[in-house]
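Participant: Chains A and B supply the protein sequences, listed in that same order. Going by the numbering used here, the first sequence wraps up at 194, each residue one higher than the last. Going by the numbering used here, the second sequence wraps up at 475, each residue one higher than the last.
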Amino acid sequence: MTPIELVAIGASWGGLAALKDVLAALPVGFGAAVVIAQHRQSGADGRLASLLDAQCALDVAEAEDKQALAPGVVLLAPPDYHLLVEPGAVALSVDEPVHFSRPSIDVLLHSAADAYGQRAAGVVLTGASADGARGLARIAARGGTAIVQDPATAKRREMPDAALAATPAAHVLALDCIGRRLVELVATREGARS
Amino acid sequence: MAVPLIASDDEARERLEIDLLLDAIHRRYSYDFRGYALASLRRRLWHRVNAEGLETLSGLQERILHEPTCMDRLLRDLSINVTEMFRDPGFHRSLRERVFPLLRTYPFIRVWIAGCSTGEEIYSLSIALREATLLERTRIYATDINGAALQLAREGAFPLERMRRYTENYLSAGGSESFSSYYVVDGDQARFDPTLAEGVVFAQHNLVTDGSFNEFHLIVCRNVLIYFGFDLQEEVLRLFGDSMARFGILALGRKESIRRSALAEQYEPLDEPERIFRRRR
Chain A
1 MTPIELVAIG ASWGGLAALK DVLAALPVGF GAAVVIAQHR QSGADGRLAS LLDAQCALDV
61 AEAEDKQALA PGVVLLAPPD YHLLVEPGAV ALSVDEPVHF SRPSIDVLLH SAADAYGQRA
121 AGVVLTGASA DGARGLARIA ARGGTAIVQD PATAKRREMP DAALAATPAA HVLALDCIGR
181 RLVELVATRE GARS
Chain B
195 MAVPLIASDD EARERLEIDL LLDAIHRRYS YDFRGYALAS LRRRLWHRVN AEGLETLSGL
255 QERILHEPTC MDRLLRDLSI NVTEMFRDPG FHRSLRERVF PLLRTYPFIR VWIAGCSTGE
315 EIYSLSIALR EATLLERTRI YATDINGAAL QLAREGAFPL ERMRRYTENY LSAGGSESFS
375 SYYVVDGDQA RFDPTLAEGV VFAQHNLVTD GSFNEFHLIV CRNVLIYFGF DLQEEVLRLF
435 GDSMARFGIL ALGRKESIRR SALAEQYEPL DEPERIFRRR R
């Protein structure tokens, strides 16, 4: 099996708590880069990154344009920008919102599929939107791994429901299992454990 | 060894189609998008394929080669950057508080707004300069690759429905007047005071292929470099360096940085979080 090198996560309504849960399970030495699109108000400040950073063994930061992707790096889409993935780095855009959202989860997952193919995993978490469904389908179509939060464990189930409708073969996992599954999918870097 | 998927074959073909399309555009129309960041470029190309009712990038290439109006439409997709007046009020506040006092020391001020798109940034800056009583001695050069966008910028009319948001931005950026005093309502448009654009030189300029044309005290280029790949970013930063007066100021978008650039050491931060830098000499 091709090891996963990039995990792309989308979350909306209820996403802060869900993201904390998922990220808290990722250990130092986690062998993939993580990129996150969480819907939020335009003009929001950098507080979300520091809230998540405090809950997580890995460093979480708001993405800068062309910032390098490397194992253990966790980058969050800045408010009012789309976050896209290029091979080995992220890029930003201020193109029109998609599904009324910027960042858009579809844009992130779609670009992750194009840049990482089988080496990408996409995760759709809680939300009251259809954003992410098309992007997750793209990840599955390109041979990547598709994961959807079990709608029954989601604060709002519309987004996981839409993702499952678009990708019925996706892995459905309770929120508290997603982080552990990601650790299984991703090779842990040698010698990084302390 | 993993079994090669059909998907990777698709990827290779798509990459080939993109390369051929960009080569064709370059040779036929002299626009060079080959150094653009791939992920956004790919999105925008596919957007045009779908909008034209086509199936493939090769189909788009055929239409572009045979119909120059299709190239105009693609140019619009590739070059019009969505923005707003006083986007990031903190940035505009920093311009007033940290940059304008430096500009005030010059008898005549030259500003370059590179990639001005439809002009929101021009009028934001003109308003702020007027309130600082600097506008009369400032010449703003507003350039964009897209002539149609420049024409809109020249007209200085923006959708009226956006004025509420722009007013909020203006006030949190430290605006001291009544924002509505700068425009008149014309149908569903807000038409800005033409005297704001009196000292503005509008010119078509391609950051990728055109050279330096003046020396500026302030260069504003926000959320344009994000569409460029790293190497092209470096070239454009070099162009900015060649176009700057001593101790010139460079203002980028909030999430753009010169930190990873070989030219980073030529600048010191004037306001690091707002991405405003000053040449060391």
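Note that beta-carbon positions come from the ideal geometry of N, C-alpha and C, so glycine has one too.
Find the nearest neighbour of R284 of chain B within the set B:R475, B:R474, B:I470, judged by alpha-carbon distance.
Facilitator: Stepping through the second sequence from its first residue, residue 284 of chain B is reached at position 90. Note on identity: in this sequence residue 284 of chain B is Gly, with Arg being the wrong assignment. That would be B:I470, whose Cα lies nearest to the Cα of G284 of chain B.
Participant: Could you check whether L175 of chain A and L136 of chain A sit closer than 8 Å to each other, using their CB atoms as the reference points?
Facilitator: What you label residue 136 of chain A is simply residue 136 of the first sequence in a count that begins at 1. What you label residue 175 of chain A is simply residue 175 of the first sequence in a count that begins at 1. No. Outside cutoff.
Participant: Quick test of the definition: if touching needs 3 or more C-beta pairs under 8 Å, does the stretch 402-419 of chain B touch the stretch 438-452 of chain B?
Facilitator: yes
Participant: Which two residues bound the contiguous beta strand (DSSP E) that contains F285 of chain B?
Facilitator: As a working mapping, residue 285 of chain B is identified with position 91 in the second sequence. No beta strand (DSSP E) holds F285 of chain B; the alpha helix (DSSP H) holding it covers 283-288.
Participant: Taking three-plus beta-carbon pairs below 8 Å as touching, is the stretch 227-242 of chain B in contact with the stretch 418-426 of chain B?
Facilitator: yes
Participant: Pull the bridge partners of F386 of chain B from the DSSP assignment, please.
Facilitator: Here residue 386 of chain B refers to the residue found at position 192 of the second sequence. DSSP lists B:Y377 as partners of F386 of chain B.
Participant: Look up P463 of chain B in the DSSP assignment and give the residues it is bridged to.
Facilitator: Along the second sequence, one-based indexing puts residue 463 of chain B at 269. DSSP, once it has assigned bridges, lists B:F471 as partnering P463 of chain B.
Participant: For L84 of chain A, which residues in chain B fall below 7 Å Cβ to Cβ?
Facilitator: Within the first sequence, residue 84 of chain A is the residue found at index 84, counting from 1. The contacting residues are A233, S234.
Participant: Just to confirm, are V418 of chain B and G309 of chain B a CB contact at a threshold of 8 Å?
Facilitator: In the second sequence, counting from the first residue as 1, residue 418 of chain B sits at position 224. In the second sequence, counting from the first residue as 1, residue 309 of chain B sits at position 115. Yes, the pair counts as a contact, with Cβ atoms nearer than the cut-off.
Participant: Do we get a CB-CB distance below 8 Å when we pair E468 of chain B with the residues of chain A?
Facilitator: Taking the second sequence and counting its residues from 1, the one referred to as residue 468 of chain B is at position 274. Not closer than 8 Å to any Cβ of chain A, the Cβ of E468 of chain B fails to qualify, so no.
Participant: Mapping DSSP to helix, strand and coil, what is R304 of chain B?
Facilitator: Counting from 1 along the second sequence, the entry for residue 304 of chain B is found at position 110. Three-state DSSP puts R304 of chain B in a strand.
Participant: Using 8 Å as the threshold, is the C-beta distance between L26 of chain A and G179 of chain A below it?
Facilitator: As a first step, residue 26 of chain A must be located in the first sequence, where it is residue number 26. As a first step, residue 179 of chain A must be located in the first sequence, where it is residue number 179. Yes.
Participant: Note down the Cα distance separating D204 of chain B from S252 of chain B, rounded to an integer number of angstroms.
Facilitator: Translated into the one-based positions of the second sequence, residue 204 of chain B becomes position 10. Translated into the one-based positions of the second sequence, residue 252 of chain B becomes position 58. About 13 Å.
Participant: Between the C-alpha atoms of R242 of chain B and L216 of chain B, what's the straight-line distance to the nearest angstrom?
Facilitator: Residue 242 of chain B sits at position 48 when you count from the first residue of the second sequence. Residue 216 of chain B sits at position 22 when you count from the first residue of the second sequence. In a straight line, the C-alpha of R242 of chain B is about 14 Å away from that of L216 of chain B.
Participant: I'd like to know whether the C-beta of D95 of chain A is nearer than 8 Å to at least one C-beta of chain B.
Facilitator: Numbered from its first residue, the first sequence carries residue 95 of chain A at position 95. Output row for D95 of chain A: interface = yes.
Participant: Does chain B have any CB closer than 8 Å to the CB of G10 of chain A?
Facilitator: Along the first sequence, one-based indexing puts residue 10 of chain A at 10. Contact with chain B is absent for G10 of chain A, since none of that chain's Cβ atoms lies less than 8 Å from the residue's Cβ.
Participant: V379 of chain B CB to nearest chain A CB: under 8 Å?
Facilitator: Position 185 of the second sequence holds residue 379 of chain B. Cβ-Cβ to chain A under 8 Å: no for V379 of chain B.
Participant: CB-CB under 8 Å to T145 of chain A, same chain, minus the five flanking residues each way: which ones, in chain order?
Facilitator: Here residue 145 of chain A corresponds to residue number 145 of the first sequence, with the count starting at 1. Hits under 8 Å: I4, A120, A121, G122, I139, H171, L185.
Participant: Compute the distance between the beta-carbons of S129 of chain A and E158 of chain A, then report whether it is under 8 Å.
Facilitator: What you label residue 129 of chain A is simply residue 129 of the first sequence in a count that begins at 1. What you label residue 158 of chain A is simply residue 158 of the first sequence in a count that begins at 1. Yes, they are a contact pair.
Participant: Grab the span of the alpha helix (DSSP H) containing S252 of chain B for me, first residue to last.
Facilitator: One-based indexing of the second sequence puts residue 252 of chain B at position 58. Looking at the DSSP string, the run of the alpha helix (DSSP H) that includes S252 of chain B is 251-260.
Participant: When you compare the CB positions of V414 of chain B and A458 of chain B, do they come within less than 8 Å of one another, or not?
Facilitator: Numbered from 1 along the second sequence, position 220 holds the residue referred to as residue 414 of chain B. Numbered from 1 along the second sequence, position 264 holds the residue referred to as residue 458 of chain B. V414 of chain B places its beta carbon 8 Å or farther from that of A458 of chain B.
Participant: Please compile the residues from chain B whose C-beta is within a distance smaller than 7 Å of the C-beta of P195 of chain A.
Facilitator: Since the first and last residues shown for chain A are 1 and 194, residue 195 of chain A lies out of range.
Participant: Are any of the Cβ atoms in chain B nearer than 8 Å to that of G122 of chain A?
Facilitator: By 1-based counting over the first sequence, the position of residue 122 of chain A is 122. So no, G122 of chain A is outside the interface.
Participant: Any idea which residues DSSP pairs Y230 of chain B with across the strands?
Facilitator: Residue mapping note: residue 230 of chain B aligns to position 36 of the second sequence, counting from 1. Per DSSP, B:F422.
Participant: So, for E462 of chain B: in the same chain, excluding its five sequence neighbours on each side, which residues have a beta-carbon less than 6 Å away from its beta-carbon?
Facilitator: The residue labelled residue 462 of chain B in the question sits at position 268 within the second sequence. Only R472, R474 meet the Cβ criterion.
Participant: Note down, one range per segment and in chain order, each alpha helix (DSSP H) of at least 4 residues found wholly within the stretch 132-189 of chain A.
Facilitator: 133-141, 158-166, 175-185
Participant: Tell me which same chain residues have a C-beta within less than 8 Å of the C-beta of H39 of chain A, skipping the five on either side of it?
Facilitator: Mapped onto the first sequence, residue 39 of chain A falls at position 39. The answer, listed in chain order, is A11, S12, W13, G15, S101, P103, I105, G127, S129, D131.
Participant: Could you check whether the Cβ of E5 of chain A sits closer than 8 Å to any Cβ belonging to chain B?
Facilitator: Position 5 of the first sequence, counting from 1, holds the residue named residue 5 of chain A. No, E5 of chain A does not count as interfacial toward chain B.
Participant: Compute the distance between the beta-carbons of A456 of chain B and E429 of chain B, then report whether it is under 8 Å.
Facilitator: Locating residue 456 of chain B in the second sequence gives position 262, where the first residue counts as 1. Locating residue 429 of chain B in the second sequence gives position 235, where the first residue counts as 1. No, these two residues do not count as a Cβ contact at 8 Å.
Participant: Could you tell me whether the Cβ of L92 of chain A comes closer than 8 Å to any Cβ of chain B?
Facilitator: Here residue 92 of chain A refers to the residue found at position 92 of the first sequence. Yes, its Cβ sits closer than 8 Å to a Cβ of chain B.
Participant: Would L83 of chain A and A37 of chain A be called neighbours here (beta carbons separated by less than 8 Å)?
Facilitator: Walking along the first sequence from the start, residue 83 of chain A turns up at place 83. Walking along the first sequence from the start, residue 37 of chain A turns up at place 37. Taking 8 Å as the cut-off, the Cβ atoms of L83 of chain A and A37 of chain A count as close.
Participant: Looking at the C-beta of Y421 of chain B, does it have a partner C-beta in chain A at a distance below 8 Å?
Facilitator: As a working note, residue 421 of chain B is residue 227 in the second sequence. Cβ-Cβ to chain A under 8 Å: yes for Y421 of chain B.
Participant: Closest Cβ-Cβ distance between M195 of chain B and chain A: below 8 Å?
Facilitator: One-based indexing of the second sequence puts residue 195 of chain B at position 1. Only weak support is given to the placement of M195 of chain B: the predicted model assigns it a pLDDT of 40, under 50, and the question is left unresolved by the model.
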